[in-house]
Amino acid sequence: MSLDGVRVHLVDDVETAYECKRWLSTLDRVAIDTESTGLSKDTDRARLVQLGDARQAYAIPIEHPGWSALVVELLTRFEGDYVAHNLVFDDAMLRNALGVGLPETRSHDTRLKAHVIESTGSLALKSLAKRHVDPRAAMFQDDLSDVMTKSGWTWATIPLDYEPYWSYGALDTILTYQLDDVLDPLVQREAPASYDLELAVAWVCERMERRGVLVDREYTRAFADELSEYMEQAEAWCHAQYGVYAGSNVKVIEALQAEGIEFTQYTEAGRLSLDKHVLGAIDHPLAQTVLGRRQAQKMVTTYLQNYLDMSERDGRIHPSINTVGGMGKSPFEPGGSSGVRTGRMSSSNPNIQNVPVRGKASTKIRRCFVADPGHSWVKADFSQIEMRAMAHMSNDERMIEAFRSEGDFFVNLGRDIFADPNFKKSDPRRQLIKNGGYAKIYGAGIPKFAATAGVPENEAYEFMQRFDAMYPAVPRWIRQVERDALARLNDEGEAYVRSPLTNRKHVADAGKLYTLVNYDLQGMAGEILKMKIVEADQAGLGEFMLFPVHDEQNYSVPNEQFDDVLVTIKDVMNDDKLLNVPITSSIDVGPGWAASE
DNA sequence: AGCGCGGGCGCG
DNA sequence: AAAGCGCGCCCGCGCT
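This is the structure we're talking about:
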């Protein structure tokens, strides 16, 4: 496969349009790509639509009414398969421009295929094409940024007939087509189930993005104003009393040192730390005011103000749900983002997955999000899903039994571990058990576990001894994961594990093989939620879906259908077939996301 | 003005 | 022998 002799055409006259139509009618598969006014699936739209096969491609400027009608006709008539690189993005751009999208059952995505084959590395088309298609693909860098800044063009205004613009766009479909030829056999060989799941969930998530979440803007504005006012007062006080800006940690530390306070905690990079634990432990009005202001600022800037800004257009936020990797940098660059690591999904603009749920203001923040009029909010979340994954993977008989028998899982563990049949849910050791379980899942050492649980290290050590003795298949499985990964590192040059559910691959960084235990469990939990979202969609729940949060799915359900829909949600979320322990979930219902009282 | 970094912090 | 995993976003600060 190579780029020798490829041809690209701009559809700017009737003859070329006719040629394009005839060419397409001979194909059973076509690559499709769009150039858009920008990157927002909410507000941007396609300007140029490109169609290509292995040898040639057509670019069609759809701002011309005749050519937009042509594309609608082509899309309606074509009966073969589509392949795109980042399918749901192009689908959204087409919908926004033409009101017509791509058919879910006949469309494929090389970005998802690449992700399934190699969950590390760039998912950018050019970089993949360079590796898999033709090393010269990199020479066709469609880097238009220079000419754009020079000419004052944006993605919305760059002339459609500017040759580098449309020809590089067209070339991308040729690359996509050839890339698909290479990747598809690999996907079918390695992990077809993983790809099918990713493709299915991508479609459902696109619909969730489109729908968005209703924001109570008046309430949000009032709360934001209240906190902002508090911030201003706090800043004025810090400045008047101590001459410092409350936002500057360096200055605040200096001021507190002048008051005789000693600092002993250091940050990663070796500077003095002024995080919330340090501040919280200082009995001084400046420290407490700085802490209060910092918390208020977090609530306003990270949450409330974003909800207001981002819901201005239609009263709703439309968080991006990144099912495999963000639109941004590679996850291995610092600050890079994506769900690439474990196959969990991530969210951005705004991140709907880090909305406060514990602190003082959490209920008030969550109250910003409400069900649609005449609807109720339903939150369905899995119970201890990663623990259940650990029981399943290790196949530990006694841990499986603790899940299968009645009552609270951690209480059941407590009865085992402390040989106390009367162990109650209120027993303070229950927290130690929870911390211990998650320490196993995360691969924590004794010191970290002890610190998290707030117990001396010897106690933490002794607990782990008891835990391992009671559930011996767990440490055995952990050792097995690391042995397998080491063997693969030696044989194949890559330390990885594969998920038993879809054969999805999880790769460890060099020298951090222990992380694979966590990737395996976190990845399995992520896959389970994806499977359940797809299942829920197939059961007719798609139109009610709002967004996922790692182990929960949120819905806005019309009140007149409420009972039926709730039964279906429970049917989907509770499952005793998928793993060797039952999967159970809890359901919360209310007018909005905030826990109803 | 924009960028990268460090620090900090919200969630599972 | 030793190891807490995964995300996204905001601020202050120094640099270009």
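Heads up: the first sequence begins at 1206 in my numbering, then just goes up one per residue. The C-beta atom is built at its ideal place from N, Cα and C for all residues, glycine as well.
Please report the distance separating the alpha-carbon of residue i from that of residue j.
i: Glu1802; j: Cys1573; result: At Glu1802 the pLDDT is 48, less than 50, meaning the model places this residue with poor confidence; the figure from the coordinates comes in the next sentence. Each residue's Cα considered, the two are about 16 Å apart.
i: Val1679; j: Ser1599; result: 5 Å
i: Ala1251; j: Ala1274; result: 14 Å
i: Val1420; j: Val1583; result: 16 Å
i: Glu1538; j: Gln1446; result: Legend: pLDDT at Glu1538 = 38, less than 50; position of this residue unreliable, no value from coordinates given.
i: Asp1351; j: Asp1314; result: 30 Å
i: Ser1542; j: Val1529; result: Confidence is the limiting factor: at Ser1542 the pLDDT is only 36, short of 50, which leaves the residue's position unreliable and the question unanswerable from this model.
i: Gly1716; j: Arg1681; result: 20 Å
i: Thr1378; j: Ala1262; result: 7 Å
i: Gly1540; j: Ser1327; result: Unreliable placement is indicated for Gly1540, whose pLDDT of 34 sits below 50; the coordinate value is still reported in the next sentence. Their Cα atoms are separated by approximately 15 Å.
i: Glu1467; j: Val1449; result: 18 Å
i: Asn1695; j: Val1686; result: 14 Å
i: Ser1478; j: Gly1650; result: 23 Å
i: Asn1301; j: Leu1256; result: 18 Å
i: Phe1767; j: Ser1791; result: 16 Å
i: Ala1576; j: Arg1282; result: 39 Å
i: Lys1226; j: Met1353; result: 32 Å
i: Gly1465; j: Tyr1471; result: 18 Å
i: Arg1563; j: Arg1571; result: 11 Å
i: Ile1322; j: Glu1431; result: 50 Å
i: Asp1480; j: Arg1260; result: 58 Å
i: Val1483; j: Ala1492; result: 9 Å
i: Gly1698; j: Val1712; result: 11 Å
i: Lys1653; j: Phe1615; result: 20 Å
i: Arg1593; j: Asp1209; result: 53 Å
If you follow the beta strand (DSSP E) that residue i is part of, which residue opens it and which one closes it?
i: Gln1636; result: Looking at the DSSP string, Gln1636 is not in any beta strand (DSSP E); the run it does join, the alpha helix (DSSP H), is 1634-1647.
i: Pro1753; result: 1750-1753
i: Gln1255; result: 1251-1257
i: Val1702; result: 1701-1703
i: Gly1795; result: 1790-1795
i: Ser1552; result: 1551-1553
So, with DSSP's three-state summary, where would you put residue i?
i: Asp1314; result: strand
i: Asn1759; result: strand
i: Ala1405; result: helix
i: Thr1239; result: strand
i: Val1276; result: helix
i: Arg1521; result: strand
i: Asp1214; result: Before going on, a small fix: residue 1214 reads as His here, not Asp. Strand.
i: Asp1780; result: strand
i: Leu1232; result: coil
i: Ala1585; result: strand
i: Asp1421; result: coil
i: Asn1527; result: strand
i: Lys1534; result: Here Lys1534 scores only 37 on pLDDT, less than 50, and its place in the model should not be relied on; the value that follows carries that caveat. Here Lys1534 sits in coil by DSSP.
i: Tyr1450; result: coil
i: Leu1477; result: strand
i: Leu1208; result: coil
i: Ile1466; result: coil
i: Asp1430; result: helix
From which residue to which residue does the alpha helix (DSSP H) around residue i run?
i: Ile1683; result: 1678-1697
i: Gly1485; result: 1481-1485
i: His1711; result: Per DSSP, His1711 belongs to no alpha helix (DSSP H); it is in the beta strand (DSSP E), 1710-1712.
i: Pro1199; result: This structure leaves residue 1199 out entirely; the chain is present only between 1206 and 1802.
i: Met1729; result: 1720-1741
i: Lys1456; result: 1454-1463
i: Ala1576; result: Premise fails: Ala1576 is in no alpha helix (DSSP H) and is neither H nor E.
i: Gln1261; result: No alpha helix (DSSP H) holds Gln1261; the beta strand (DSSP E) holding it covers 1261-1266.
i: Ala1289; result: No alpha helix (DSSP H) contains Ala1289, which is instead part of the beta strand (DSSP E) from 1286-1289.
i: Val1293; result: 1292-1303
i: Thr1494; result: 1490-1502
i: Gln1510; result: 1510-1515
i: Tyr1471; result: Looking at the DSSP string, Tyr1471 is not in any alpha helix (DSSP H), and its letter there is neither H nor E.
Three or more C-beta pairs below 8 Å linking the stretch 1400-1420 and the stretch 1735-1745 = Verdict: yes, contact present.
Run through the stretch 1328-1384 for me and flag every whole alpha helix (DSSP H) of 4 or more residues, listed as ranges in chain order.
-> You should have 1330-1337, 1350-1356.
Does the pairing of the stretch 1206-1225 with the stretch 1233-1247 give three or more beta-carbon distances under 8 Å?
-> By the Cβ criterion, the stretch 1206-1225 is not in contact with the stretch 1233-1247, since fewer than three pairs of Cβ atoms, one from each stretch, lie closer than 8 Å.
Counting pairs of beta carbons, one from the stretch 1778-1791 and one from the stretch 1604-1616, are three or more of them closer than 8 Å?
-> At 8 Å Cβ cutoff, the stretches touch.
Pair every Cβ in the stretch 1267-1281 with every Cβ in the stretch 1393-1403, then say whether three or more of these pairs are closer than 8 Å.
-> No, because fewer than three Cβ pairs between the stretch 1267-1281 and the stretch 1393-1403 fall closer than 8 Å, the two stretches do not touch.
Does the stretch 1656-1663 come close enough to the stretch 1632-1645 that 3 or more CB-CB pairs lie under 8 Å?
-> Flag = yes, the stretch 1632-1645 and the stretch 1656-1663 touch.
Is there contact between the stretch 1506-1514 and the stretch 1421-1434, where contact requires at least three CB pairs shorter than 8 Å?
-> Result yes; three or more Cβ-Cβ pairs closer than 8 Å.
Flag this pair as touching only if the stretch 1475-1495 and the stretch 1451-1461 have three or more C-beta atom pairs under 8 Å; answer yes or no.
-> Enough Cβ pairs lie closer than 8 Å, so yes.
Do the stretch 1353-1371 and the stretch 1488-1504 make contact, defined as three or more Cβ pairs closer than 8 Å?
-> Flag = no, the stretch 1353-1371 and the stretch 1488-1504 do not touch.
What residue ranges within the stretch 1584-1625 form continuous alpha helix (DSSP H) runs of no fewer than 4 residues, ordered along the chain?
-> With a minimum length of 4 residues, the continuous alpha helix (DSSP H) runs that stay inside the stretch 1584-1625 are 1590-1599, 1602-1609, 1614-1622.
Please determine if the stretch 1624-1633 and the stretch 1747-1757 are in contact, where contact requires at least 3 C-beta pairs separated by less than 8 Å.
-> Fewer than three Cβ pairs drawn from the stretch 1624-1633 and the stretch 1747-1757 lie within less than 8 Å of each other, which leaves the two stretches out of contact.
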